[in-house]
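For the numbering used here, count along the sequence shown from 1 and bump the result up by 45.
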Amino acid sequence: MTGIKERKKKFTYAPKKKVGNRPTLEYCIEHADDLAQRLVNKWGASGGDTAPLPADFKALLELACRYRTAKQNADAFRAYQTIRPNADPDRDLDALLEQEAAKELAGREVFAKACKDFQDKHEGGPAAGK
């Protein structure tokens, strides 16, 4: 578990900046949770599965859902470890948490990149919160 905390402390993203109306990749990574929620809200407000949405929007929504699932899985492992603080160290559980945390980070970065690309293409899409 300490390896993850140490890596998180060492790993920092570039400053959060926006270029005009469009967010930078770093901004999208930092705010991936909020951007994913906005995307799901927009999807739901437009009628969900029955709405005729563009293919690139549906692809971005799929990435958002995959990221959120990976985050939920990693959070569940983290929560489990916090409820057993006095238990003997479990290397297998620690390894699983490392894997889930890596999946979460990878999913976050893939979603953020796709969100930025979508925003750049559509100027005014879900990354802008409009």
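Glycine is no exception: its CB is placed at the ideal position from the N, C-alpha and C atoms.
**Asked** What is the rounded straight-line gap between the Cα of R67 and the Cα of E168?
**Response** Residue numbering aside, residue 67 sits at position 22 when the sequence shown is read from its first letter. Residue numbering aside, residue 168 sits at position 123 when the sequence shown is read from its first letter. Spanning the two alpha carbons is a distance of roughly 7 Å.
**Request:** Determine the burial state of K103: buried for a count of at least 16 other Cβ atoms within 10 Å of its Cβ, exposed for fewer.
**Result:** Along the sequence shown, read from residue 1 onward, the residue named residue 103 stands at position 58. Exposed, since its Cβ has fewer than 16 Cβ neighbours within 10 Å.
**Asked** Between which two residues does the alpha helix (DSSP H) carrying I74 extend?
**Response** Stepping through the sequence shown from its first residue, residue 74 is reached at position 29. Looking at the DSSP string, the run of the alpha helix (DSSP H) that includes I74 is L70 to E75.
**Message:** Less than 6 Å between C-beta atoms, sequence neighbours within five positions excluded: which residues of the same chain meet that for Y125?
**Reply:** For the purposes of this step, residue 125 is identified with residue 80 of the sequence shown, where counting begins at 1. Within the same chain, no residue comes within 6 Å of Y125 by CB-CB distance, once the 5 residues on both sides are set aside.
**Message:** When you compare the CB positions of A109 and L84, do they come within less than 8 Å of one another, or not?
**Reply:** What you label residue 109 is simply residue 64 of the sequence shown in a count that begins at 1. What you label residue 84 is simply residue 39 of the sequence shown in a count that begins at 1. Against a cut-off of 8 Å, the Cβ pair of L84 and A109 comes out as a contact.
**Message:** Between A96, A157, D165 and K161, which has its C-alpha nearest R111's C-alpha?
**Reply:** Within the sequence shown, the letter at position 66 stands for residue 111. Nearest C-alpha to R111: A157.
**Request:** Verify whether the separation of the beta carbon atoms of E107 and F122 is less than 8 Å.
**Result:** Looking up residue 107 in the sequence shown gives position 62. Looking up residue 122 in the sequence shown gives position 77. No, the pair does not count as a contact, with Cβ atoms beyond the cut-off.
**Asked** Short check: CB of K161 to CB of C73, under 8 Å?
**Response** What you label residue 161 is simply residue 116 of the sequence shown in a count that begins at 1. What you label residue 73 is simply residue 28 of the sequence shown in a count that begins at 1. Yes; because the gap between Cβ atoms is below 8 Å, this pair is in contact.
**Message:** Taking the straight line between their C-alpha atoms, what separation do you get for E71 and L138?
**Reply:** On the sequence shown, residue 71 is found 26 positions in, with the first residue counted as 1. On the sequence shown, residue 138 is found 93 positions in, with the first residue counted as 1. Near 31 Å, if we compare the C-alpha coordinates of L138 and E71.
**Item:** Within 8 Å, strictly: CB atoms of A115 and G152
**Value:** Locating residue 115 in the sequence shown gives position 70, where the first residue counts as 1. Locating residue 152 in the sequence shown gives position 107, where the first residue counts as 1. Their beta carbons are under 8 Å apart, which means A115 touches G152 by this criterion.
**Asked** Buried or exposed: R136, going by 16 or more other Cβ atoms within 10 Å of its Cβ?
**Response** Here residue 136 refers to the residue found at position 91 of the sequence shown. Label assigned to R136: exposed.
**Item:** Three-state secondary structure assigned by DSSP to A96
**Value:** The residue labelled residue 96 in the question sits at position 51 within the sequence shown. A96: coil per DSSP, three-state reduction.
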